[in-house]
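Peer 1:
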Ligand SMILES: Nc1ncnc2c1ncn2[C@@H]1O[C@H](COP(=O)(O)OP(=O)(O)OP(=O)(O)O)[C@@H](O)[C@H]1O
Ligand SMILES: [Mg+2]
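In our numbering, the protein residues as written are 39 to 349.
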């Protein structure tokens, strides 16, 4: 979509952060949803924009009917994002998904956003990369903070997000393919920064879903990240452990890890399950509070790092 600079520039919101990396399944959507929920809980008016073809519904918007739909067409399944970009109008998010939190959910229609932009780029040139920034600008003053979830392995959608945000944070798992996936975001980062969004900055990289005690391996991963993204890259200290069961169950319930952990005292016990009074999925795994705590440390560190204004 982007090849050279465009005359128009739109300053991204001061406090805006995208979670992105070229690789799929590394934790982008989980972390973006938790950043948004933590921000809203701290009292900041927060907007989460999910530029993803897959709606993981971490906040239970669809599965638990949370939030108030905007008037007119549904904003679910990526339709809100598609409509705003297609009609060149301001974004209309789902309101109050949590107190202080509005969301534009992702979903299948986001794939059509990509097709639309590629078609428009032929006629209108590289300025189409600013389509999301343009639809966001009129409503951005309503929010203290804007967060973006992004799609993997799609340059057009990645550039669309990078053109609308000030900060980028990059999750990685410890495997080589996650680290190689950073090459793509790194290329898109520089393309967008040079062409349309000079304010864009790489706030940091963090290891996600890894055993926090595997410190020797983490040092090796950090070294590989520096080789890929440059020696000056900030690598965050917080590491959220690999805890598949509570992560999946929380998502299924449309709850953040913290909200899910809060159910633990009232949840079914092993004895209840053994006695047939409850099902396995009614139990909240005992590892959930630990997962919630690690996520909270990570979201705090990301906000702190973005506030520092790294170059
Ligand atoms: N701490 C964790 N430990 C283990 N599994 C996790 C953890 N956090 C999230 N997961 C699970 O990992 C999977 C991938 O997470 P997620 O959807 O956030 O990644 P993604 O980068 O957004 O993926 P995609 O590229 O497909 O959009 C999901 O099934 C999620 O429930
Ligand atoms: Mg995702």
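Beta carbons are placed, not taken as given, at the ideal position from N, Cα and C, and that holds for glycine. Just so you know, these numbers come straight off a predicted model, no measurement behind them.
#1: Looking only at its chain, what residues have a beta carbon closer than 7 Å to the beta carbon of residue 349, apart from the 5 residues adjacent to it on each side?
#2: Assuming the contact rule is C-beta atoms closer than 8 Å, residue 152 and residue 194 should be a hit. Round their C-beta distance to whole Å, please.
#3: Could you tell me whether the region 281–288 touches the region 255–269, using the rule of 3 or more Cβ pairs below 8 Å?
#4: Grab me the residues of residue 235's own chain with a C-beta within less than 6 Å of its C-beta, minus the 5 sequence neighbours each way, in chain order.
#5: Let me confirm a value: residue 343 is counted as buried when at least 16 other C-beta atoms fall within 10 Å, else exposed. Which label applies?
#6: Can you tell which of 311, 128 and 156 has the C-alpha that lies nearest to the C-alpha of residue 177?
#7: Taking 7 Å as the cut-off, decide whether the C-beta atoms of residue 115 and residue 147 are in contact.
#8: If we count the other Cβ atoms within 10 Å of its Cβ and call it buried at 16 or more, is residue 109 buried or exposed?
#9: Please state whether the Cβ-Cβ distance between residue 168 and residue 78 is less than 7 Å.
#10: Taking 7 Å as the cut-off, decide whether the C-beta atoms of residue 224 and residue 267 are in contact.
#11: Is it true that the CB of residue 190 sits closer than 7 Å to the CB of residue 61?
#12: Just list the residues that DSSP pairs residue 240 with in beta bridges.
#13: Spell out the partners DSSP gives residue 84 in its beta bridges.
#14: Determine the burial state of residue 269: buried for a count of at least 16 other Cβ atoms within 10 Å of its Cβ, exposed for fewer.
#15: According to DSSP, what are the bridge partners of residue 57?
#16: Is residue 68 near ligand 1, in the sense that its beta carbon is under 6 Å from a heavy atom of that ligand?
#17: Ligand 4 and residue 210: does the residue's C-beta get closer than 6 Å to at least one heavy atom of that ligand?
#18: Kindly indicate which three-state DSSP category residue 298 falls into: helix, strand or coil?
#19: With distance defined between alpha-carbon atoms, name the residue in 185, 204, 99 and 73 nearest to residue 48.
#20: Quick check: what's the CA-CA separation for residue 254 versus residue 322?
#21: Buried or exposed for residue 112, please, with buried defined as at least 16 other CB atoms from any protein chain shown within 10 angstroms of its CB.
#22: In three-state DSSP terms, what is residue 333?
#23: Put residue 234 into one of helix, strand or coil per three-state DSSP.
#24: Can you find the residues in the same chain that come closer than 6 Å, C-beta to C-beta, to residue 82, ignoring five residues on each side of it along the sequence?
#25: Determine the DSSP secondary structure at residue 245, reduced to helix, strand or coil.
#26: Just to confirm the assignment, what range does the alpha helix (DSSP H) spanning residue 254 have?
#27: Look at the alpha carbon of residue 68 and the alpha carbon of residue 88, and state the distance between them as a whole number of angstroms.
Peer 2: Inspection of the coordinates gives the following:
#1: Because residue 349 sits at a pLDDT of 43, beneath the cut-off of 50, its placement in the model cannot be relied upon, and the following sentence gives the value as read from the coordinates. These residues qualify, in order along the chain: 239.
#2: Rounded to whole angstroms, the Cβ separation of residue 152 and residue 194 is 5 Å, and the two are in contact under 8 Å.
#3: no
#4: 201
#5: buried
#6: 128
#7: yes
#8: exposed
#9: Not in contact: residue 168 and residue 78 (Cβ atoms no closer than 7 Å).
#10: yes
#11: yes
#12: 206
#13: 139 and 183
#14: It counts as exposed.
#15: Answer is 187 and 207.
#16: The nearest non-hydrogen atom of ligand 1 is less than 6 Å from the C-beta of residue 68.
#17: Only ligand 1 and ligand 2 can be found as ligands here, which leaves ligand 4 out of the picture.
#18: helix
#19: 204
#20: Going from the Cα of residue 254 to the Cα of residue 322 covers about 31 Å.
#21: exposed
#22: Assigned with DSSP and collapsed to three states, residue 333 falls in helix.
#23: coil
#24: Within the same chain, and ignoring the five residues on either side of residue 82 in sequence, the residues whose Cβ sits closer than 6 Å to its Cβ are 182 and 183.
#25: strand
#26: 253–267
#27: 11 Å
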